[in-house]
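Participant:
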Amino acid sequence: MLIRKRRTQEVFKWLLAKPARMIMTSFLFVDIIGFVLLLLPLASVTGRSVGIKTALFTTVSSTCVTGLVVADTASTFSTFGRGVILALIQIGGLGLVTISTFFISLIRRKVGLRTRVLAQESSGSFSFTELPALLRSIVLLTFAFEFIGFLLFATQFVPLFGWSEGLAKAGFQSVSAFCNAGFDLMGDTKFGPYASLTGFSGNPVVLFTTMFLIVSGGLGFIVWRDLFASIKTKRLNIHSRITLAATALLILSGMLFILSVEWNNEGEMAMGLLPTWQRPIAALFQSITMRTAGFNTINMATLLDGTKIFCVALMFIGAGSGSTGGGIKVSTFWLLIYSVYSEIRGRTDIVIRKHQIARVAVQRAISIFVLALGLVALLSIVLTFTESASLADGRIEYLDLLFESASAFGTVGVSAASTPELTSIGQMCLIPVMFIGRVGPITVAVSLALREPKEYSSVFPEGKIHIG
């Protein structure tokens, strides 16, 4: 008994040893609760349990705000089940920032400098003194944006579905859009299962409200706080300026690329079949949603190969740091671009808008990029084995599996291969990648490290390695 108690204490001590590990453990704890609740017969419309695979996949996809599903949400889950999914999405959207901020504010003991930096960056904060205020701002901003979205969606959904169903769909859609989750409740309507927003391709209110919420949630709470503060100070910090500039550039370039390439695509439910005035809106919508949200107004399976490759890049980049979105983050991408630019110009220092960027930030950006690229590549290769039968008979192509892999890591939720059609093993392979994509590859790596990093006490001779 004493040995068991001691082992339990050691496990808890290990789990609470690092803020990064606490963040990961918090997500796992929420996943376990959500899994148990969705496994209950009460969560299914049939009154029978949806099964372990569906409950587990839906739970992780919800808390990781991904949106990939193996069963249509509206036609599979009851009101109770939908409520659980909505709660998981809300916790997942706020979790990485709010949970880490909350736990860090409770810590009263000394932590290592590298762990401290990791904790600050995972919460989007630049100092410990602003953490409590940041937490309050996050909660207020989240509910304010979601309430505005709820009201706008209600004006469109209530006339279509009635008061009770219309309000329920409006609330669900608003939370899902702001948290960049990609879940919807349109599968039990005339639009059919897995319809997403294809039935609203001609409704500007629904589309622009969704885009507004996606971008708002994807910018990051630090950026919004800085924007409000700039009303008085008349200036933005370098992180906010980079995030805003990169976001605008990615949205505009994505829209122009998708519009030009897909304009005449007349595949099933493709852009070329939409009225002319709807095509620019559809291109803008897909450019925004492809980076992390997962809604769609056109059929992803009929996209041209060039568009799919471009979308893989958008999904890989993702949203802003400290936001509800995934990917390597736009600031990481921007920093890598500037790093390459500085190298080409022969500069030893990286300067962005008269601000010198610390080398440790560049090293971290490179680490995130390499880990993320390796993870997406590895998953796509694994899926070629699990989906070998579908590849052999031509039902799917490797590009579709790469698309699926990037969607899982970027917590996007769009699918060109139809996730429900994948084998059970293939679907299970997506789960850990969704989790790592939401928590962050660096956070997961640090939390699983058995030893604290340490500096070398000795000075070693410089080693020269030929590169390129």
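Note that the sequence shown covers residues 356 to 823 in the working numbering.
Glycine included, C-beta positions come from ideal geometry on N, C-alpha and C.
#1: For the candidate residues Phe-650, Phe-576, Arg-646 and Phe-412, whose alpha-carbon lies nearest to that of Leu-669?
#2: Going by the beta-carbon positions, is the gap between Gly-673 and Ile-683 smaller than 8 Å?
#3: Can Ser-770 and Leu-449 be called in contact, C-beta distance under 8 Å?
#4: Which value, in whole angstroms, describes the spacing of the CA atoms of Thr-679 and Phe-815?
#5: With a threshold of 16 other CB atoms inside 10 Å of the CB of Pro-796, please say whether the residue is buried or exposed.
#6: Between which two residues does the alpha helix (DSSP H) holding Ile-707 run?
#7: Taking buried to mean at least 16 other C-beta atoms within 10 Å of its own C-beta, is Ser-743 buried or exposed?
#8: May I ask you to list the residues that DSSP assigns as paired with His-710?
#9: In whole angstroms, what is the alpha-carbon distance linking Ser-760 and Ala-648?
#10: Among Thr-652, Val-439 and Ile-791, whose alpha-carbon lies nearest the alpha-carbon of Arg-376?
#11: Measuring alpha carbon to alpha carbon, tell me which of Arg-634, Gly-675, Val-616 and Phe-612 ends up nearest His-594.
#12: Alpha carbon to alpha carbon, what distance is there between Phe-500 and Ser-571?
#13: If we count the other Cβ atoms within 10 Å of its Cβ and call it buried at 16 or more, is Ile-636 buried or exposed?
#14: Short check: CB of Thr-644 to CB of Asn-651, under 8 Å?
#15: Could you say which of Leu-591, Trp-618, Trp-632 and Asn-592 lies nearest to Asn-558 if we only look at CA atoms?
#16: Evaluate contact between the stretch 585-594 and the stretch 546-553, counting only Cβ atoms and requiring at least three cross-stretch pairs below 8 Å.
#17: Below 8 Å between beta carbons: does that hold for Ala-532 and Leu-562?
#18: According to DSSP, which residues form a beta bridge with His-399?
#19: Within 10 Å of its beta-carbon, does Val-667 have 16 or more other beta-carbons around it, so buried, or fewer, so exposed?
#20: According to DSSP, simplified to helix, strand and coil, what is Pro-796?
#21: Tell me which residue opens and which closes the alpha helix (DSSP H) that Arg-596 is part of.
#22: If Thr-766 and Thr-421 are in contact, beta carbons under 8 Å, what's the gap, nearest whole angstrom?
#23: Looking only at its chain, what residues have a beta carbon closer than 6 Å to the beta carbon of Ala-656, apart from the 5 residues adjacent to it on each side?
#24: Using a 10 Å radius around the Cβ and a threshold of 16 neighbouring Cβ atoms, would you call Ser-519 buried or exposed?
#25: Would you call the stretch 499-516 and the stretch 526-541 touching, i.e. three or more CB-CB distances under 8 Å?
#26: Nearest by alpha-carbon distance to Asp-539: which of Phe-612, Met-624, Thr-431 and Asn-620 is it?
#27: If you reduce the DSSP assignment to three classes, tell me which class Pro-816 lands in.
#28: On the DSSP letters alone, give me the boundaries of the alpha helix (DSSP H) that Trp-346 sits inside.
#29: Would you mind reading off the limits of the alpha helix (DSSP H) that contains Thr-647?
#30: Where does Glu-742 sit, in a helix, a strand or coil, going by DSSP?
#31: Can you give me the C-alpha to C-alpha distance between Gly-622 and Leu-628, rounded to a whole angstrom?
#32: Using DSSP with H/G/I as helix, E/B as strand and the rest coil, what is Val-466?
#33: Find out if the Cβ-Cβ distance for the pair Ala-509, Ala-525 is shorter than 8 Å.
#34: State the Cα-Cα distance for the pair Lys-819 and Glu-698, rounded to the nearest angstrom.
#35: With Phe-764 as the anchor, note down where its alpha helix (DSSP H) starts and where it stops.
Facilitator: This is what the structure gives:
#1: Numbered from 1 along the sequence shown, position 314 holds the residue referred to as residue 669. Among Phe-650, Phe-576, Arg-646 and Phe-412, the Cα nearest to that of Leu-669 belongs to Arg-646.
#2: Position 318 of the sequence shown, counted from the start, is the residue given in the question as residue 673. Position 328 of the sequence shown, counted from the start, is the residue given in the question as residue 683. Against a cut-off of 8 Å, the Cβ pair of Ile-683 and Gly-673 comes out as a contact.
#3: Numbered from its first residue, the sequence shown carries residue 770 at position 415. Numbered from its first residue, the sequence shown carries residue 449 at position 94. Contact flag unset, no.
#4: One-based indexing of the sequence shown puts residue 679 at position 324. One-based indexing of the sequence shown puts residue 815 at position 460. Cα-Cα distance, rounded: 43 Å.
#5: Start at 1 with the first residue of the sequence shown, and residue 796 comes out as number 441. By the 10 Å Cβ count, Pro-796 comes out buried.
#6: Within the sequence shown, residue 707 is the residue found at index 352, counting from 1. Here Ile-707 belongs to no alpha helix (DSSP H); instead the beta strand (DSSP E) covers 705-707.
#7: Residue 743 sits at position 388 when you count from the first residue of the sequence shown. Around the CB of Ser-743, fewer than 16 other CB atoms lie within 10 Å, so the residue is classed as exposed.
#8: Position 355 of the sequence shown, counted from the start, is the residue given in the question as residue 710. Answer is Ile-707, bridged to His-710.
#9: What you label residue 760 is simply residue 405 of the sequence shown in a count that begins at 1. What you label residue 648 is simply residue 293 of the sequence shown in a count that begins at 1. Our two residues, Ser-760 and Ala-648, have alpha carbons roughly 15 Å apart in a direct line.
#10: Numbered from its first residue, the sequence shown carries residue 376 at position 21. That would be Ile-791, whose Cα lies nearest to the Cα of Arg-376.
#11: Mapped onto the sequence shown, residue 594 falls at position 239. Put simply, of Arg-634, Gly-675, Val-616 and Phe-612 the residue whose alpha carbon is nearest the alpha carbon of His-594 is Gly-675.
#12: Taking the first residue of the sequence shown as position 1, residue 571 is located at position 216. Taking the first residue of the sequence shown as position 1, residue 500 is located at position 145. Roughly 8 Å between the two C-alpha positions.
#13: Here the question's residue 636 lines up with position 281 in the sequence shown. Looking at its Cβ environment, which holds 16 or more other Cβ atoms inside 10 Å, Ile-636 is buried.
#14: The residue labelled residue 644 in the question sits at position 289 within the sequence shown. The residue labelled residue 651 in the question sits at position 296 within the sequence shown. In contact: Thr-644 and Asn-651 (Cβ atoms closer than 8 Å).
#15: As a working note, residue 558 is residue 203 in the sequence shown. Comparing Cα positions, the closest option is Trp-632.
#16: no
#17: Mapped onto the sequence shown, residue 532 falls at position 177. Mapped onto the sequence shown, residue 562 falls at position 207. Contact flag unset, no.
#18: Numbered from 1 along the sequence shown, position 44 holds the residue referred to as residue 399. Checking the sequence shown, residue 399 turns out to be Ser, not His. Paired residue(s): Phe-432.
#19: In the sequence shown, residue 667 corresponds to position 312, counting from 1. Under this definition Val-667 is a buried residue.
#20: Reading the sequence shown from its first residue, position 441 is the one you call residue 796. It is helical.
#21: On the sequence shown, residue 596 is found 241 positions in, with the first residue counted as 1. Per DSSP, Arg-596 belongs to the alpha helix (DSSP H) from 593-617.
#22: For this step, residue 766 is matched to residue 411 along the sequence shown. For this step, residue 421 is matched to residue 66 along the sequence shown. Confirmed, about 4 Å.
#23: Walking along the sequence shown from the start, residue 656 turns up at place 301. Answer for Ala-656: Ala-771, listed in chain order.
#24: Position 164 of the sequence shown, counting from 1, holds the residue named residue 519. Looking at its Cβ environment, which holds fewer than 16 other Cβ atoms inside 10 Å, Ser-519 is exposed.
#25: yes
#26: As a first step, residue 539 must be located in the sequence shown, where it is residue number 184. Comparing Cα positions, the closest option is Thr-431.
#27: Reading the sequence shown from its first residue, position 461 is the one you call residue 816. Pro-816 falls in the coil class under three-state DSSP.
#28: Nothing can be reported for residue 346: it is not among the residues displayed for the chain, which extend from 356 to 823.
#29: On the sequence shown, position 292 is the one that residue 647 refers to. That residue, Thr-647, is in no alpha helix (DSSP H); it is neither H nor E in DSSP.
#30: By one-based count along the sequence shown, residue 742 stands at place 387. In this structure, Glu-742 counts as coil in the three-state DSSP scheme.
#31: The residue labelled residue 622 in the question sits at position 267 within the sequence shown. The residue labelled residue 628 in the question sits at position 273 within the sequence shown. Cα to Cα, Gly-622 sits roughly 8 Å from Leu-628.
#32: Translated into the one-based positions of the sequence shown, residue 466 becomes position 111. Reliability fails at Val-466, whose pLDDT of 43 lies under 50, so the model's placement of it is uncertain and the value that follows must be treated cautiously. If DSSP states are grouped into helix, strand and coil, Val-466 belongs with coil.
#33: Here residue 509 refers to the residue found at position 154 when the sequence shown is read from its first residue. Here residue 525 refers to the residue found at position 170 when the sequence shown is read from its first residue. For the 8 Å CB-CB criterion, Ala-509 and Ala-525 form a contact.
#34: Here the question's residue 819 lines up with position 464 in the sequence shown. Here the question's residue 698 lines up with position 343 in the sequence shown. Roughly 18 Å separates the two Cα atoms.
#35: As a first step, residue 764 must be located in the sequence shown, where it is residue number 409. Residues 753-764.
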